[in-house]
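Asks: If you use the UniProt record's numbering, the sequence shown corresponds to residues 1 to 207, in order. Yeah, the Cβ is synthetic: ideal placement off N, Cα and C, and Gly gets one too.
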Amino acid sequence: MSIFEFLLANPFLLIIIMGILFSFFKRQNPPNEEQQGQGQRQQRPAGQQRAPQRQAGRQQSQTAGTEQTQRAEQREIKDWRDLFFEPEPVEEQRQEPRTPTKIERYPTLDGNEQNPNVAETEINTRSNARERLEETYDQLSRAQEEAARKFEHQTQQKKRNNKSSESLNLNFDNLSGKEAMRAVVMAEVIGPPRGRNSRGAYPRARR
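(1) Rounded to whole angstroms, how far is the Cβ of LEU21 from the Cβ of LEU14, which I believe are closer than 8 Å?
(2) Between which two residues does the alpha helix (DSSP H) carrying GLY191 extend?
(3) What would DSSP say about ASN117, mapped onto helix, strand or coil?
(4) Note down the Cα distance separating ASN112 from THR125, rounded to an integer number of angstroms.
(5) Rounding to the nearest angstrom, what Cα-Cα distance links LEU133 and GLU145 in this structure?
(6) At the level of alpha carbons, what is the spacing between GLN154 and LYS178?
(7) Helix, strand or coil for SER176, going by three-state DSSP, please let me know.
(8) Under three-state DSSP, which class holds ASN124?
(9) Once DSSP output is grouped into helix, strand and coil, what is the label at SER141?
(10) Between PHE151 and the rest of its own chain, which residues show a CB-CB distance below 7 Å, the 5 nearest in sequence each way excluded?
(11) What is the DSSP secondary structure of LEU8, reduced to helix, strand or coil?
(12) On the three-state DSSP scale, how would you describe SER2?
(13) Cutting at 6 Å between CB atoms, please list the residues of its own chain near ALA143, excluding the five before and the five after it.
(14) Buried or exposed: where does PRO45 fall if 16 or more other Cβ atoms within 10 Å of its Cβ makes it buried?
(15) Roughly how many whole angstroms lie between the Cα atoms of ASP138 and ALA147?
Shown next as structure tokens:
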């Protein structure tokens, strides 16, 4: 591969080389022009020279032109990268970190201040959520109280049933067969209680 093919294959490198050559020739041109001007002034005959005042003005203009060219050379491109990338200003590079504004620090507060409708809707939603929480808490507390009451009622009823069973326990389990027969015979002999048959035991006198 030749150099030309390599440069054509890499156009970016070709542009860089052209920029370097352009800056180099631009620096070389001003002194050549000054030398040509001096040679022309030397070749002119003495009779064709102008008055000393005009020569002084020309010298002043030449000095001003040289100063301008020197300033232009100072402002010339010192690096080939300046052709493609513009340098940032010094003020932006030295810029101090700015403090965040109120809107950046507290965006929600400023948004609420600027939009009162949004603030009202947020307040309403919060109040509704709080009311719902209170309602659920009340429902849970009521259910807990009812469960406690039911449990207490059941325990009291169980205690009463246990007491009644204990009071009515006549130790029938401990009775033997003979004692049970005696109890049946005594019941047959004694008969039913008189309180139930009080009317039959004392019949009214017939008129």
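Replies: Reading from the atomic positions:
(1) The Cβ separation is near 11 Å, so there is no contact.
(2) No alpha helix (DSSP H) holds GLY191; DSSP gives it neither H nor E.
(3) helix
(4) A caution first: ASN112 carries a pLDDT of 46, below 50, which makes its placement in the model unreliable, though a value can still be read off. C-alpha separation (whole angstroms): 14 Å.
(5) 18 Å
(6) 41 Å
(7) coil
(8) When secondary structure is reduced to three states using DSSP, ASN124 falls in the helix class.
(9) helix
(10) none
(11) helix
(12) coil
(13) Closer than 6 Å at Cβ, skipping near neighbours: no residue.
(14) With a pLDDT of only 48 at PRO45, under the threshold of 50, the placement of this residue in the model should not be trusted; the figure read from the coordinates follows. Per the 10 Å Cβ criterion, exposed.
(15) 14 Å
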